[in-house]
Amino acid sequence: MNRISFPTARETMLVLVLSASFLLLTGMYVGLRSDHFLLLGLFLVLFFACGTTRKLAVALLPFIVFAVSYDWMRVWPNYTVNPVDVRGLYEAEKSLFGITVPGGETLIPCEYFARHHCSVADFMAGCFYLCWVPVPIAFGVYLYFKGKREAYLRFSMVFLLVNLIGFAGYYIHPAAPPWYAMNYGFEPVLGTPGNTAGLGRFDEMLGITVFEGIYGRNANVFAAVPSLHAAYMVVALAYALMTQCRRWLIGVFAFIMVGIWWTAVYSGHHYIIDVLLGITCALLGIVLFEWGLMQWGAFRRWVGRYSNYIA
């Protein structure tokens with residue numbers, strides 16, 4: 161076999177040290193789970209299998225850093241940094257987007273949809289929310305295998321940057337989702353488990369527990385602002401436009417994007433305010449990366465080296 165298919169000694173040492181550090185720190189501060197070993201094992205198999213898979217493993221690092229960063233927020237919960245906003249966000253939503261129903265009562269949109277929903281909408285809501293992370297990641301993999309390596313890197317790095325901006329927002333302004341205010345009132349109770357809210361109707365309809373499984377692992381329910389659900393497809397759509405993808409794909413992305421925005425509110429997982437801030441977060445990340453970081457010579461050269469490595 162050609163020697164070029166093997167990682168260098170320096171690469172091997174770096175990967176092994178980082179892998180051991182990941183296991184040690186996660187075990188100490190988060191607690192090791194089966195998915196940690198699955199993630200690391202998959203990366204190591206790709207990295208050491210051959211030169212082609214090693215490039216893919218290195219290319220996937222922005223998505224891996226995203227997953228690890230989200231998981232590690234358990235170490236220092238945002239509600240230990242700043243007070244949790246429950247009532248203020250609820251009242252702001254009602255003031256800006258309240259719906260007055262017969263009898264004179266004013267409901268937030270999430271409350272209105274909790275009372276007025278149908279099977280077709282419940283099914284579509286579940287389908288839209290299942291696209292939240294898989295579609296952007298699949299789009300990134302598509303760019304990678306199409307040979308658009310620099311475009312892939314820009315997309316994946318912006319995806320990571322948008323998440324980091326959103327995570328910072330969680331710590332700056334810890335906030336409860338609408339379903340929390342609707343179910344528990346306005347006093348934050350730490351340790352409250354995740355809730356499927358309106359998405360539970362999708363699980364019940366199909367006799368599955370997909371959303372129960374997803375929200376059962378929620379790292380922190382007081383992390384609703386901004387809505388990163390609303391942000392991801394904005395990034396995917398933006399880079400589909402930038403890379404001049406086919407019109408049908410752009411149309412599908414736009415449809416899914418709007419569907420996720422609607423589902424976030426329809427299902428009771430986010431206020432309209434959260435969705436708008438999530439969209440803003442995505443646009444901010446794109447602007448900061450493309451018209452900020454990429455204008456910095458040293459960073460642009462680093463991206464070029466990264467792109468050449470995985471080419």
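In terms of my numbering, the sequence shown opens at residue 161 and continues consecutively. By construction, the Cβ of each residue, glycine as well, lies at the ideal position given by its N, Cα and C atoms.
For residue i, count neighbouring Cβ atoms within 10 angstroms of its own Cβ and tell me buried if that reaches 16, exposed if not.
i: E172; result: In the sequence under discussion, the amino acid at residue 172 is Thr, which differs from the Glu named in the question. Exposed: under 16 other Cβ atoms inside 10 Å.
i: N162; result: Reliability of the predicted coordinates at N162 is poor, the pLDDT of 43 falling under 50, and no value is obtained from them.
i: E265; result: exposed
i: D195; result: exposed
i: E364; result: exposed
i: V244; result: buried
i: N343; result: exposed
i: Y469; result: exposed
i: R479; result: Because the chain in this structure spans residues 161 to 471, residue 479 falls outside the shown range and cannot be described.
i: M188; result: exposed
i: K306; result: exposed
i: E253; result: buried
i: S279; result: exposed
i: L202; result: exposed
i: A169; result: exposed
How about residue i and residue j: do their beta carbons lie closer than 8 Å?
i: G326; j: F315; result: no
i: Y330; j: A398; result: no
i: H395; j: I446; result: Contrary to the premise, residue 395 reads as Val rather than His in this sequence. Yes.
i: H429; j: A335; result: no
i: G438; j: F288; result: no
i: A227; j: L199; result: yes
i: F449; j: L290; result: no
i: K308; j: T213; result: no
i: M393; j: V318; result: no
i: V235; j: V177; result: no
i: S387; j: A442; result: no
i: V241; j: F346; result: no
i: P348; j: Y239; result: yes
i: S165; j: C210; result: yes
i: F207; j: P237; result: no
i: L522; j: L185; result: No information on residue 522 is available, as it lies outside the stretch 161 to 471 that the chain covers here.
i: V261; j: H333; result: no
i: S229; j: L366; result: no
Tell me which residue opens and which closes the alpha helix (DSSP H) that residue i is part of.
i: C270; result: P269 to R275
i: A180; result: A169 to Y189
i: P222; result: L221 to W232
i: P296; result: P294 to F305
i: G438; result: I432 to E450
i: M402; result: L388 to M402
i: F362; result: G360 to L366
i: W421; result: R407 to Y426
i: L192; result: No alpha helix (DSSP H) holds L192; DSSP gives it neither H nor E.
i: W339; result: P338 to Y344
Could you work out which residue in the options is closest to residue i when comparing CA atoms only?
i: W292; options: L366, L185 and H389; result: H389
i: G351; options: V381, I332 and L324; result: V381
i: H277; options: G464, T168 and Y426; result: Y426
i: M233; options: A328, I368, L249 and L184; result: A328
i: C405; options: V385, Y250, Y302 and S229; result: Y302
i: Y375; options: L192, W422, N355 and R275; result: N355
i: T440; options: L192, A391, P262 and W451; result: A391
i: Y466; options: A400, Y304 and N323; result: Y304
i: A298; options: P262, F223 and L249; result: F223
Validate contact between the segment 252-266 and the segment 429-442 using beta carbons, cut 8 Å, 3 pairs: With three or more CB-CB distances shorter than 8 Å, the segment 252-266 counts as touching the segment 429-442.
Sufficient close CB pairs (3 or more, under 8 Å) joining the segment 270-280 to the segment 332-342: With the cut-off at 8 Å, the segment 270-280 and the segment 332-342 touch.
Stretch pair the segment 345-364 + the segment 275-293: three plus CB contacts closer than 8 Å: yes
Segment contact, 8 Å Cβ cut-off, at least three pairs: the segment 303-318 with the segment 212-222: The segment 303-318 is in contact with the segment 212-222.
Segment contact flag, the segment 452-463 with the segment 411-425, C-beta cutoff 8 Å, min 3 pairs: no
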